Amino acid sequence: MDQKVLVLNGDYTAITLCSVQKAFVLLFLDKAEMVAKSEHGTLRTVSHAYPKPSIIRLQRYVRVPYKGIALSRHNIFKRDHFECQYCGSPKNLTLDHVVPRSRGGESSWTNLLTACARCNHAKGHHTPNEAGLTIRQLPKKPTLAGFLKLSAGTIDQNWHAYLN
């Protein structure tokens, strides 16, 4: 029951992920319709069996003020797959400013990346080029669809049409 369900707005755009339980309640109360069923089992009550949802669509269009993905330590780690962007290590992770704050670097999606403590210390207040380090993947702001893919863990095949 720890699987996620993709929630689509009334116009079939992806807006969030929710639990199977929450999706079932929305379906049962006729606030959503099932777009795709999961291939992994059913939901059972004493007298009925219901298909487990994979994608649901809200019956009414909900205006969602998109403010973007919050810039946070955890979200940067998630974007960088919880590994150092210099050496690939998954241990002792910290945040690193590509352009150091001492040189006017700001805390933004394009200037922050995940680094292990050893690489971050070796870099110090230098740029990666000055420290002789190469960045494996340049930092960039994630899209909502891309971030939903990261948050889901395993992605149902049915989701690809709505997340691309």
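Heads up: the sequence shown is residues 1 to 164, going by the UniProt record's numbering. The beta carbon of each residue, even a glycine, is placed where N, CA and C say it ideally should be. Fair warning: this is a prediction, and the values are worked out from it, not measured in the lab.
Cβ-based burial, residue i [other Cβ within 10 Å; buried from 16]
i: F24; result: buried
i: Y86; result: buried
i: L32; result: Note on identity: in this sequence residue 32 is Ala, with Leu being the wrong assignment. Burial call: buried.
i: K123; result: buried
i: A115; result: buried
i: D96; result: buried
Residue i - containing beta strand (DSSP E), residue span
i: S107; result: Premise fails: S107 is in no beta strand (DSSP E) and is neither H nor E.
i: G41; result: 32-44
i: L8; result: 4-8
Run of the alpha helix (DSSP H) containing residue i, from where it starts to where it stops
i: V20; result: 20-28
i: residue 170; result: Coverage of the chain is limited to positions 1 through 164, which leaves residue 170 absent and any answer about it impossible.
i: K149; result: 144-152
i: F82; result: Taken as a continuous stretch (DSSP letters only), F82 belongs to no alpha helix (DSSP H), as it is neither H nor E.
i: H125; result: Per DSSP, H125 belongs to no alpha helix (DSSP H) and is neither H nor E.
i: S161; result: The question names Ser, but residue 161 is Ala in the sequence shown. Where A161 is concerned, the enclosing alpha helix (DSSP H) stretches over 160-163.
Identified DSSP bridge partners for residue i
i: T94; result: A115
i: Y50; result: L43
i: T16; result: V7
i: R57; result: L8, E33
Nearest candidate by alpha-carbon position, reference residue i, set the options
i: P128; options: K31, V98, N92; result: V98
i: A131; options: C119, S38, P139; result: C119
i: L150; options: R44, F77, R57; result: F77
i: R101; options: G41, N111, P53; result: N111
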